[in-house]
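Residue numbers (mature numbering (1 follows the signal peptide of the UniProt record, and there is no 0)): -28 to -1, 1 to 131.
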């Protein structure tokens, strides 16, 4: 009898712990219904964001590859970037590099209250080489990377 009661108490305790842990889980935000605000970070409101170019992927640089990547992301009212996704890339290395740099921009240095609701935007990264006789320019329409907010990631050709 006593053993049966202990068994029931153990089962009840485990069930209560399971229920308690379920109640503290917050639902994930679904930003799929947000429309993209193209060029958002080019506005005066967002000029305080320190944006630096993506690192040129070593393999792409060694192979002399140029290309692009477009990254889409959501900025929260607390200036946190979430839901970072590669939506187009001419090379997977360019996509990974672009995603990593967006996550490392200085979002926390922005003034609070720039937006009262989450906003979705995109940034296109063009990866190109410069040399003594040619400049890096955003001309990668052939790769079909969308976006008017363009950040150049420059490699340097020697020789």
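Quick reminder that beta carbons are idealized off the backbone N, C-alpha and C, glycines included.
Identified DSSP bridge partners for residue i
{"i": "residue 92", "result": "8 and 46"}
{"i": "residue 58", "result": "43"}
{"i": "residue 98", "result": "40 and 124"}
Chain-order list of residues whose beta-carbon lies under 8 Å from that of residue i (same chain, five-residue window excluded)
{"i": "residue 28", "result": "69, 99, 125, 126 and 127"}
7 Å CB neighbourhood of residue i in its chain, flanking five on each side removed
{"i": "residue 116", "result": "60"}
{"i": "residue 17", "result": "86"}
{"i": "residue 108", "result": "100, 101, 102, 124 and 126"}
{"i": "residue 71", "result": "43, 56 and 58"}
{"i": "residue 31", "result": "65"}
Secondary structure of residue i, DSSP reduced to three states
{"i": "residue 128", "result": "strand"}
{"i": "residue 104", "result": "coil"}
{"i": "residue 67", "result": "helix"}
{"i": "residue 76", "result": "helix"}
{"i": "residue 83", "result": "coil"}
{"i": "residue 26", "result": "coil"}
Expected contact under 8 Å - CB spacing of residue i and residue j to nearest Å
{"i": "residue 78", "j": "residue 21", "result": "7 Å"}
{"i": "residue 96", "j": "residue 122", "result": "5 Å"}
{"i": "residue 13", "j": "residue 51", "result": "In fact, because the Cβ distance is near 12 Å, the residues do not count as touching under 8 Å."}
Residue i: CB within 6 Å of a non-hydrogen atom of the ligand GDP
{"i": "residue 91", "result": "This structure lacks the ligand GDP, and indeed carries no ligand of any kind."}
Chain B contact for residue i (CB, 7 Å cutoff)
{"i": "residue 12", "result": "Protein chain content of the structure displayed is limited to a single chain, and chain B is not contained in it."}
Would you check if the segment 27 to 43 and the segment 83 to 92 touch, i.e. whether three or more CB-CB distances between them fall below 8 Å?
Short answer: they don't touch.
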